[in-house]
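Enquirer: All residue numbers for the sequence shown refer to UniProt numbering, where the first residue is 1 and numbers rise by one.
Beta carbons: idealized from backbone N, C-alpha and C, even for Gly.
I am attaching a structure below and will ask some questions about it afterwards.
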Amino acid sequence: MELLELSFSILHNSDEYLNFIAPDKHEYCIWTDGLNALLGKEMTSELTKSDTDTLVTMELKLRLLDLENIQIPDVPPPVPKEPSTYDFVYDFSQQHT
1 MELLELSFSI LHNSDEYLNF IAPDKHEYCI WTDGLNALLG KEMTSELTKS DTDTLVTMEL
61 KLRLLDLENI QIPDVPPPVP KEPSTYDFVY DFSQQHT
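Pasting the structure below:
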């Protein structure tokens, strides 16, 4: 990816610029979306669009469950107790011959 695609500038005091170069596309999206949010502008990055699509898909699935009369509890189920022993966990530090 070219540096030009990862760079952006902020105009400061009407004649000074703060120039930034993000280390990768993901960071660029986070930085520019964050600045746009602070300025009250729309967040338009691919990352935000992907996250929005995921949330819309999840909401649609939840609404479809409601149409099927599948009850979605208001509170999460209780967390089970910890096991009395963890002997079922494989110990990779032991050498087997």
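(1) Which residue comes first and which comes last in the alpha helix (DSSP H) that contains Asn36?
(2) Cβ atoms of Ile21 and Ser7: under 8 Å apart, would you say?
(3) Tell me the rounded alpha-carbon separation between Gln71 and Asn19.
(4) Between which two residues does the alpha helix (DSSP H) harbouring Pro68 extend?
(5) Find out if the Cβ-Cβ distance for the pair residue 99, Ser45 is shorter than 8 Å.
(6) Considering only C-alpha positions, which residue in the set Leu38, Glu5, Glu16, His12 is nearest to Pro23?
(7) Just to confirm, is the Cβ distance from Asn36 to Glu27 under 8 Å?
Expert: Let me spell this out:
(1) In the DSSP assignment, Asn36 falls within the unbroken alpha helix (DSSP H) covering 25 to 38.
(2) For the 8 Å CB-CB criterion, Ser7 and Ile21 form a contact.
(3) When rounded, the separation of the alpha-carbon atoms in Gln71 and Asn19 is 52 Å.
(4) Checking the sequence shown, residue 68 turns out to be Glu, not Pro. Membership of Glu68 in any alpha helix (DSSP H) is not indicated, and neither H nor E is assigned to it by DSSP.
(5) The structure shown has nothing for residue 99, since the chain only spans 1 to 97.
(6) Comparing Cα-Cα distances from Pro23 to each of Leu38, Glu5, Glu16, His12, the minimum goes to Glu5.
(7) With contacts defined by Cβ atoms closer than 8 Å, Asn36 and Glu27 do not form a contacting pair.
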